[in-house]
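Let me begin by presenting the structure, written as structure tokens, before commenting on it.
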Amino acid sequence: MNGQTNHPQSMGAAQDCGLIILRQKDLHILYLNPAMARAAPDARPGLPCRQIWPQLFTPSGELAASLAIDDGANRLELCAAPLEWAGEPALAITLRPPAAVAREETQRQLKQAQHLYRAAIESRAEVLLEYDPATDSFIAHAETAGEAIRTVVVFDYDLTRDRASFSAPFFTQFGRAGEIDRAAWRIGQSDLIHQADRQVALRIIEKCRQEPVGVKGSLRLKTRQGRYAWFELYATALWDEQKTRCLNIVGKLINIDELKTEATQWREQAKLDALTGLYNRAALQELAAGMLAGKSKKPGALIFIDIDDFKAVNDTLGHAAGDEVLHTIAQRIRRCFRQEDLTARYGGDEFVVYLQSGLTREALEGKLHQLQAIFHGDPLLRRFNSSASMGVARFPEDAGDFAALLQRADRALYCAKQLGKDRYAFYADCAQAGLV
869 MNGQTNHPQS MGAAQDCGLI ILRQKDLHIL YLNPAMARAA PDARPGLPCR
919 QIWPQLFTPS GELAASLAID DGANRLELCA APLEWAGEPA LAITLRPPAA
969 VAREETQRQL KQAQHLYRAA IESRAEVLLE YDPATDSFIA HAETAGEAIR
1019 TVVVFDYDLT RDRASFSAPF FTQFGRAGEI DRAAWRIGQS DLIHQADRQV
1069 ALRIIEKCRQ EPVGVKGSLR LKTRQGRYAW FELYATALWD EQKTRCLNIV
1119 GKLINIDELK TEATQWREQA KLDALTGLYN RAALQELAAG MLAGKSKKPG
1169 ALIFIDIDDF KAVNDTLGHA AGDEVLHTIA QRIRRCFRQE DLTARYGGDE
1219 FVVYLQSGLT REALEGKLHQ LQAIFHGDPL LRRFNSSASM GVARFPEDAG
1269 DFAALLQRAD RALYCAKQLG KDRYAFYADC AQAGLV
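In the working numbering, the protein residues as written are 869 to 1304.
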């Protein structure tokens, strides 16, 4: 049954996802999360829900199965689901503001971006057939379909005269004359080519002078708008009949700036976990392994975090509420650390943090206490006796590479679990005590 009633401001004050647990037989409040408590300061467990939030009920007095509440400034969407609470039938009422809905849409777009990125990097070049009406035949080009629809600048570099000629789109894109004398000198001096990429063009010319091959490279060129954009450069060496020297270099320039920008965005988005916004497991392994293997590697520490008994949250409140809890925990974990530290969702209810610079034992334990406070301070997590067990391994004392460091932090985590959960353990301490 759907319903809609008046919209008091107290309900619109819930700016975060609201959660109310009601006893099914009399619809009295059993639990309300901080967002709902802020929305209605008089609400507390034991009171009838109809007294606090009459707008959640239909005109016939029944709890609405689906309801949109809009007070002109805020909009909340209601969803009711049955569950068991403390051994008796209950109902979980969730109210989501636009921010939560927007986050779900962001997660959907992120998953789509990850898919597009994988498709882009795994795709192979296809043979494009171009019909030539003069010969009534098809000419094969070794280029992708994406290249075929872009504006192409064709060029011919005459090495004997040191003169480069470009097709008409050259002026359209760069605002410069299509004939360039003293081309070799201009390549090294002109601002047409980005200073950092001039060596790319010179090396391609050098390669074509050495052997009759086709060469490809990417470089930035200054467009007529005054900004540098990425172009793909294809060059083919044309040698004399005796194959003794290169006479011309012919080829094309293709604007790939938009494609390269999108690929960069996909690459960055593909590193993130869709639910929490933290790095995912693959990105963690890549980034942390690079830090530990680099020349400027510094002492560090890896913290492996596992939420104790998280299955109870999913079983009792459902996976939607469980996801909201994971998202909240992830953001609080992120706030405990510096921007240069790596925070990742390793999978399920497991998180990993790698601190790039070494901390003293005392400072590291301070961070661990901050993490424990995340679970001890939330009423809903306390209701489920939820906590976190953590294992710590230090680099390079405990391991010399990321894979070994992760494995030893995992062993320390197992040690913390065995000692009673809701605690942390250092690998070195566990090893010394013969527990790993």
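By construction, the Cβ of each residue, glycine as well, lies at the ideal position given by its N, Cα and C atoms.
Keep in mind the model is a prediction, meaning the values are calculated, not measured.
Contact between the segment 1064–1077 and the segment 1086–1100 is present: 3 or more CB-CB pairs across the two stretches fall below 8 Å. By the Cβ rule, the segment 1149–1166 does not count as touching the segment 1228–1236, because fewer than three pairs are nearer than 8 Å. Closest in C-alpha terms to Tyr1102, from the list Cys1114, Leu1115, Thr1091 and Val1068, comes Val1068. In the displayed model, Pro922 falls within a helix according to three-state DSSP. Taking a cut-off of 8 Å for Cβ pairs, the segment 1100–1118 and the segment 1136–1146 do not touch, as fewer than three such pairs fall below it. Per DSSP, Thr962 lies in no alpha helix (DSSP H) segment; the continuous beta strand (DSSP E) that holds it begins and ends at Glu956 to Arg964. Buried is the label assigned to Arg1279, since at least 16 other Cβ atoms lie within 10 Å of its Cβ.
Within the segment 1141–1171, the runs of alpha helix (DSSP H) at least 4 residues long that lie entirely inside it are, in chain order, 1149–1161.
For Asp1174, the pairing in a beta bridge is given by DSSP as Glu1218 and Ser1257. Counting along the chain, Phe1034 sits inside the beta strand (DSSP E) bounded by residues Arg1031 to Phe1034. Between Arg964 and Gly1190, the alpha-carbon positions lie close to 14 Å from each other. Per DSSP, the unbroken beta strand (DSSP E) holding Leu1087 starts and ends at Gly1082 to Lys1090. The beta carbons of Lys1128 and Trp1098 sit closer together than 8 Å. Separation of the CB atoms of Asp1217 and Leu1194 is rounded to 7 Å, and the pair is thereby assigned contact status at 8 Å. Residue pairing of His896 in beta bridges, as defined by DSSP: Pro916. Between the beta-carbon of Asn901 and that of Leu915 there is about 16 Å, and that puts the pair past the 8 Å contact cut. Within the DSSP secondary-structure output, Pro950 pairs in a beta bridge with Leu959. When rounded, the separation of the alpha-carbon atoms in Ala932 and Trp921 is 12 Å. As computed with DSSP, Gly886 is found in a beta bridge with Leu963. Look at Phe1099 here: in three-state DSSP terms it is strand.
In this structure, DSSP gives Val1181 a helical state, which the three-state scheme calls helix.
Residue environment: Ala1301 is assigned as exposed (fewer than 16 neighbouring CB atoms within 10 Å of its CB, all protein chains considered). No Cβ-Cβ contact shorter than 8 Å links Lys1235 with Cys1283. Assignment of beta-bridge partners to Arg891 by DSSP yields Ala958.
Secondary structure at Val1068: helix, using DSSP grouped into helix, strand and coil.
Inclusion of Ala1032 and Phe1042 in the CB contact set at 8 Å is not warranted, their separation being larger than that value. Listed in chain order, the non-local C-beta contacts of Thr962 below 6 Å within the same chain comprise Leu887 and Cys947, local neighbours out to five positions each way being set aside. Excluding residues up to 5 positions away in sequence, Phe1034, Ser1035, Pro1037, Phe1038, Gln1041, Lys1120 and Leu1121 lie with their Cβ nearer than 7 Å to the Cβ of Val1021 in the same chain. When only Cα atoms are considered, Phe1243 and Asp1290 end up about 9 Å apart. A straight line joining the alpha-carbon of Arg1276 with that of Leu1185 spans about 34 Å. Boundaries of the beta strand (DSSP E) around Ile1117: Cys1114 to Asn1123. In the DSSP annotation of this structure, the continuous segment of the alpha helix (DSSP H) that includes Asp1278 starts and ends at Phe1270 to Gln1286. Distance from the CA atom of Ala903 to the CA atom of Val1221, rounded to whole angstroms, is 28 Å. Contact between Phe1270 and Ala1157 holds, since their C-beta atoms are separated by about 4 Å, short of 8 Å. Counted as a single uninterrupted DSSP element, the alpha helix (DSSP H) harbouring Asp1191 occupies residues His1187 to Arg1203. The Cβ atoms of Gly1259 and Ala1198 do not sit closer than 8 Å to each other.
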